[in-house]
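Heads up, the thing below is written out as structure tokens.
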């Protein structure tokens with residue numbers, strides 16, 4: 001069985017690679033540059049795949065990134081300050097990249113069809129649902145329907161999201177079981193030398209490790225902020 | 001009103017640009033390189049947009065093209081001979097590019113969301129339905145549904161295909177009314193110096209102009225073949 005999976009280099013998609021291998025899939029990982037400030041995540045994805053000998057390709061969507069760079073999304077528009085705090089806060093909607101997952105899954109599906117893969121997988125999870133419409137179960141269902149119609153007669157596979165109902169803490173627990181090398185995962189949206197500890201994804205990362213009772217090897221510039229952000233949510 | 005439209009450089013998508021402008025849309029055209037042999041079509045798209053002052057961006061999906069180059073699709077896999085004959089022949093399924101329109105429309109939608117466009121338009125037409133699943137009305141509906149879900153709260157636009165029920169001859173007639181400069185459109189899948197006259201899209205092009213009674217200014221290497229291909233269909 002073959003799987004094409006989107007690999008950002010964060011803890012969710014890295015755990016998904018481990019999960020799919022553990023389920024017996026031959027995994028082909030795709031890391032996509034769409035102009036994200038935290039391009040650093042792609043280096044982590046590369047190192048992780050090199051370590052466990054997973055086939056990986058990087059896809060350059062710079063031309064799209066440039067056209068999104070005035071979109072007002074903090075992830076791709078340098079004029080917007082990266083919001084800090086808990087993922088559930090209204091300000092986090094600034095981190096939505098226009099139609100990102102539809103683009104990435106459509107590309108992954110094309111490559112899955114060409115390579116005869118059985119599934120296309122994405123690591124969207126329950127914690128994403130509040131702010132990211134393109135991480136919700138309804139979106140995955142709609143994409144799978146569109147892909148099925150688009151490839152009729154040419155592909156029998158499907159688009160899946162094995163973690164769509166899991167919390168990030170459950171993903172951390174699963175990753176720990178599967179021995180995911182957390183030091184080879186990158187979350188921080190700011191993409192600096194170390195994880196900032198304060199942006200939405202840094203807060204979520206620390207909260208997840210804490211709830212799961214998993215040791216977090218990450219260095220954070222501010223390792224205390226997340227507790228206050230969680231308390232205030 | 002703003003429209004983002006996919007512009008290959010062929011007669012259908014060029015006519016769509018003229019149609020949208022005539023309907024009052026401010027048009028932003030996107031031409032996408034996904035590894036197609038007939039890259040030449042992009043030059044035609046550029047020249048046409050320059051002439052009528054339409055904003056156009058080219059998007060380089062070379063990385064995706066490379067991953068599709070062993071897909072067995074005659075449009076992107078150089079090992080496959082380009083089939084000749086009428087579009088309706090079984091051999092034409094070799095010209096299907098894996099999940100192409102889902103990728104292109106997803107990218108166009110991202111750019112439409114970022115730029116506040118009202119619609120994303122594609123020039124798929126009734127003649128495409130037989131061989132290309134990603135040109136059928138059901139596909140456009142499924143894509144519009146997926147895009148609506150993906151961009152909930154961020155975009156109120158939609159994906160449309162104004163020509164989805166038109167024949168190519170009807171498009172030729174409409175284009176003639178709108179004064180489309182046919183000499184600035186390119187169809188041939190082989191992408192040589194002149195249109196070959198024998199590949200599926202060359203045959204379809206000649207048949208469409210003939211049925212519509214529109215003068216075709218195109219030079220074909222073999223200008224007679226299409227009659228026999230149409231007779232044999």
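Protein chains in written order, with my numbering: chain A, 1 to 233; chain B, 1 to 233.
Every residue gets a Cβ at the ideal spot worked out from N, C-alpha and C, and that includes glycine.
These figures come from a predicted structure and were not determined experimentally.
Please list, in chain order, all residues of the same chain as residue i whose beta carbon is under 7 Å from its beta carbon, the five residues on each side excluded.
i                     : result
residue 77 (chain B)  : 69, 70 and 71
residue 174 (chain B) : 15 and 19
residue 159 (chain B) : 105, 109, 120, 140, 143, 144 and 147
residue 214 (chain A) : 172, 173 and 176
residue 217 (chain B) : 182 and 183
residue 100 (chain B) : 34 and 134
residue 96 (chain A)  : 73, 131 and 132
residue 122 (chain B) : 6, 101, 105 and 161
residue 211 (chain B) : 169
residue 92 (chain B)  : 83, 131 and 200
residue 231 (chain B) : none
Using CA atoms only, rank isn't needed, just tell me which of the options is closest to residue i.
i                     : options                      : result
residue 189 (chain A) : A:113, A:118, A:81 and A:158 : A:81
residue 179 (chain B) : B:51, B:195, B:35 and B:39   : B:51
residue 237 (chain A) : A:166, A:194 and A:117       : Not covered by the structure: residue 237 (chain A). The range shown for chain A is 1 to 233.
residue 206 (chain B) : B:79, B:97, B:228 and B:64   : B:228
residue 194 (chain B) : B:24, B:23, B:38 and B:25    : B:38
residue 161 (chain A) : A:135, A:149 and A:153       : A:135
residue 130 (chain A) : A:211, A:87, A:101 and A:62  : A:87
residue 165 (chain A) : A:138, A:202 and A:61        : A:138
residue 75 (chain A)  : A:90, A:204 and A:94         : A:94
residue 196 (chain A) : A:163, A:220 and A:1         : A:220
residue 53 (chain B)  : B:60, B:26, B:40 and B:79    : B:26
residue 153 (chain A) : B:151, B:152 and B:98        : B:98
residue 40 (chain A)  : A:151, A:90, A:191 and A:79  : A:191
residue 2 (chain A)   : A:115, A:90, A:151 and A:64  : A:115
Excluding sequence positions up to five away, which residues of its chain have a Cβ less than 6 Å from the Cβ of residue i?
i                     : result
residue 31 (chain B)  : 7, 42, 45 and 58
residue 28 (chain B)  : 4 and 55
residue 198 (chain B) : 84, 222 and 225
residue 155 (chain A) : 113
residue 62 (chain B)  : none
residue 203 (chain A) : 86, 226 and 229
residue 201 (chain B) : 187 and 189
residue 243 (chain A) : For residue 243 (chain A) there is no data in the structure shown, the boundaries of chain A being 1 and 233.
residue 103 (chain B) : none
residue 208 (chain B) : 168, 169 and 172
residue 151 (chain B) : 113
residue 60 (chain B)  : 33
Cutting at 8 Å between CB atoms, please list the residues of its own chain near residue i, excluding the five before and the five after it.
i                     : result
residue 185 (chain A) : 9, 10, 11, 14, 44 and 48
residue 66 (chain A)  : 35
residue 24 (chain B)  : 1
residue 64 (chain A)  : 34, 35 and 103
Exercise. Counting Cβ pairs, one atom from each stretch, are 3 or more of them under 8 Å apart for the region 170-186 of chain B and the region 121-130 of chain A?
Worked result: Cβ pair count under 8 Å is below three, so no.
For this session: Please confirm if the region 106-113 of chain A is in contact with the region 17-27 of chain B, defined as three or more CB-CB distances below 8 Å between the two stretches.
Result: Counting Cβ pairs under 8 Å, fewer than three are found: no touch.
Exercise. What runs of the beta strand (DSSP E), each 3 residues or longer, lie entirely inside the region 135-201 of chain A?
Worked result: Fully enclosed beta strand (DSSP E) runs of 3 or longer: 158-160.
For this session: Closer than 7 Å, Cβ to Cβ, to anything on chain B: give me those residues from the region 124-148 of chain A, in chain order.
Result: Listed in sequence order: 133, 134, 138, 139, 142, 143, 145, 146 and 147.
For this session: Taking a Cβ distance cut-off of 9 Å, strictly less, list which residues of the region 88-104 of chain A are near chain B, in chain order.
Result: In summary, the residues of the region 88-104 of chain A whose CB is separated from some CB of chain B by less than 9 Å are 93, 96, 97, 98, 99, 100, 101, 102, 103 and 104, in the order they occur in the chain.
Exercise. When you check each C-beta in the region 20-41 of chain B against every C-beta of chain A, which residues fall closer than 7 Å?
Worked result: Hits within the stretch: zero.
Exercise. Mind listing which residues of the region 43-62 of chain B have their C-beta closer than 9 Å to chain A's C-betas, in chain order?
Worked result: Listed by position along the chain: 57, 58, 59, 60, 61 and 62.
Exercise. In chain order, what residues of the region 160-175 of chain B put their CB closer than 7 Å to some CB of chain A?
Worked result: Here the close residues number zero.
Problem set entry | Inside the region 102-137 of chain B only - beta strand (DSSP E) runs reaching at least 3 residues | Correct list: 119-121.
For this session: Within the region 50-82 of chain A, note down every full alpha helix (DSSP H) run reaching 4 residues or more, in order along the chain.
Result: Segments of the alpha helix (DSSP H) lying fully in the region 50-82 of chain A: 62-68.
Exercise. If you measure beta-carbon to beta-carbon, which residues of the region 211-232 of chain A are closer than 8 Å to chain B?
Worked result: Of all residues in the region 211-232 of chain A, none places a beta-carbon less than 8 Å from a beta-carbon of chain B.
For this session: Give, in chain order, every unbroken run of the alpha helix (DSSP H) that is at least 4 residues long and sits entirely within the region 205-232 of chain B.
Result: Here the runs fully enclosed are 225-231.
Exercise. What are the uninterrupted segments assigned as beta strand (DSSP E) that are 3 or more residues long and contained completely in the region 6-44 of chain B, given in chain order?
Worked result: Correct list: 26-33.
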